[in-house]
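Q: For the record, the sequence lines run as chains A and B.
Position one of the first sequence corresponds to residue 174 (my numbering), numbered consecutively onward.
Position one of the second sequence corresponds to residue 174 (my numbering), numbered consecutively onward.
Ideal Cβ positions, reconstructed from N, Cα and C, are used throughout, including at glycine.
Below you'll find the structure I mean.
There are 2 protein chains.
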Amino acid sequence: MISNFEKYLKANAGVTDEQFKTLSEGLKLRSVKQNEFLLRTGEICRNAFFVERGLLRSYSIDKNGKEHIVQFAPENWFISDRSSAYFNEPSEYFIDAIEESSVIFLDNDFIRDATEMIPSFRKYNEYILHNHIRHLYKRINILISDSAESRYLIFVRMYPDLLLRVPQWMVASYLGIAPESLSRIRLELAKRNFKSG
Amino acid sequence: MISNFEKYLKANAGVTDEQFKTLSEGLKLRSVKQNEFLLRTGEICRNAFFVERGLLRSYSIDKNGKEHIVQFAPENWFISDRSSAYFNEPSEYFIDAIEESSVIFLDNDFIRDATEMIPSFRKYNEYILHNHIRHLYKRINILISDSAESRYLIFVRMYPDLLLRVPQWMVASYLGIAPESLSRIRLELAKRNFKSG
DNA sequence: TTTGCTTCTTAACAAATGTTAATGCGTGAG
DNA sequence: CTCACGCATTAACATTTGTTAAGAAGCAAA
């Protein structure tokens, strides 16, 4: 059976059948239960995770014990703490599974070898990295520019699928607001749409 | 005269004298006046900028015409729109000079050639990139976790030097709050410090 | 079923932040 | 010098968001 990851590498990175065969020997596919951790604060991140099936998230916990979701990773997304992996520093984030998932583990050695051996994999990795940066910038820009309601509407437009899979309090956490506030915002939106429609 | 950039490359990237000589032929050092633009919304970003002296910033402008500062770049910092440069897409950001500055222009061709020819430059570039990502994550985490006052205090701790060089409304813009709110926050902090001290 | 747990909602109230407007202060241009 | 301009402050008020508390709905385990 061809994995999403294989499809992705071949389609986006120009990796050949043969190259993938070489690569895939270093890959581990693991099943991850709901709420199972792939990374905890204080650990050094030793893998990048590619989500074959399911849904992961990364988040931090502040001094008051509140969770703040940094990223969601549904099918065909990467998630990791690149900084921790690159700088060999303890991570400040958790990564766990929101849904039962299938995850490909790419450890640091694997990534290093693959980028050195397969130029198209290096390209792909660079592409991912820049795409990632683009997302981070957009996120920051939204956080400093838009109101909570506006941020929610943007989220709905960007990730309509996630909206249906993720508990609402996690969306609130991602947006940087209290879950009760999101409830209220949704109520207001519903009222307005009802009036105007 | 040895530029900061040269010092940086030699110290951090292990670039040799000889390599730098080769490199430097493709480099342009330019003087940039206060308020002069290096990038505008809609343009494709064709350079990375290294600040030899002075202070640059990048920012966006929203539908209501308000500026939102994404990054400050004082001496020895890079600033660019990597996404625009990498994906060849129109930028959504402006870059201009807060102070009269000296800036090294590294155009995309230069960076491509240098990374291909000089392995240590590639390493350096990767290092910069990962460091950049680390900053972006930290920024996002702060924006979704902390109050305006807390964000201000973090800014003061992280960039005490910038605080003295940048008009206060720009700090507010960077923090994602109104300048009047920052004024109020500073007043409250001063009251509290006065009482407790 | 019953129980307990989590999520979501709602309301009343508190706190934080935005808006508007007026004022003062410096500083550079004329 | 004087004027105009940009920046900072302050206050009153409006709006947004957080907090607390209570209850309802769904759902899974006992």
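For the segment 341 to 353 of chain B, enumerate the residues whose C-beta is nearer than 9 Å to any C-beta of chain A, in chain order.
A: SER346, TYR347, LEU348, GLY349 and ILE350
Q: Do you know how far the Cα of ALA186 (chain A) is from the Cα of ILE327 (chain B)?
A: Straight through space, the alpha carbons of ALA186 (chain A) and ILE327 (chain B) are spaced by roughly 40 Å.
Q: Identify the continuous beta strand (DSSP E) that holds ILE277 (chain B) and give its terminal residues.
A: 274 to 280
Q: What residue range is occupied by the uninterrupted beta strand (DSSP E) comprising ARG230 (chain B)?
A: 228 to 234
Q: Using only the alpha-carbon positions, how far apart do ALA184 (chain A) and PHE193 (chain A) sit?
A: Their Cα atoms are separated by approximately 12 Å.
Q: From the DSSP secondary-structure annotation, give me the bridge partner or partners of PHE222 (chain B).
A: B:ILE252 and B:PHE278
Q: Listed in chain order, which residues of the segment 354 to 366 of chain B have Cβ atoms closer than 9 Å to some Cβ of chain A?
A: none
Q: Is it true that the CB of LEU229 (chain B) sits closer than 7 Å to the CB of ALA270 (chain B)?
A: yes
Q: Does ASN220 (chain B) have its Cβ less than 7 Å from a Cβ in chain A?
A: no
Q: Taking CB distances under 7 Å as the criterion, tell me whether HIS308 (chain B) reaches chain A.
A: no
Q: Could you name the residues of chain B that SER318 (chain A) contacts, counting a contact when the two beta carbons are closer than 8 Å?
A: SER233, ASP235, LYS239, HIS241 and GLY349
Q: In chain A, what lies closer than 7 Å to SER256 (chain B) by C-beta?
A: HIS303, ILE306, ARG307 and TYR310
Q: Is the Cβ of TYR297 (chain B) closer than 7 Å to any Cβ of chain A?
A: no
Q: Going by alpha carbons, who is nearest to GLU191 (chain B) out of B:LEU337, B:MET290 and B:ARG307?
A: B:MET290
Q: Classify ARG203 (chain A) as helix, strand or coil using the three-state DSSP reduction.
A: strand
Q: Can GLU240 (chain B) and SER323 (chain B) be called in contact, C-beta distance under 7 Å?
A: no
Q: For a contact meaning CB atoms closer than 7 Å, what does TYR259 (chain A) contact in chain B?
A: HIS303
Q: Could you please give me the residues that DSSP links to LEU212 (chain B) through a beta bridge?
A: B:ILE268
Q: Enumerate in chain order the residues of its own chain whose CB-to-CB distance from THR214 (chain B) is below 8 Å, with the five nearest sequence positions on each side excluded.
A: The answer, listed in chain order, is SER233, ILE234, PRO263, SER264, GLU265, TYR266 and PHE267.
Q: Examine chain B for any beta-carbon lying closer than 7 Å to the beta-carbon of ILE313 (chain A), and answer yes or no.
A: yes
Q: Where do the N-terminal and C-terminal ends of the alpha helix (DSSP H) with GLU322 (chain A) fall, by residue?
A: 321 to 331
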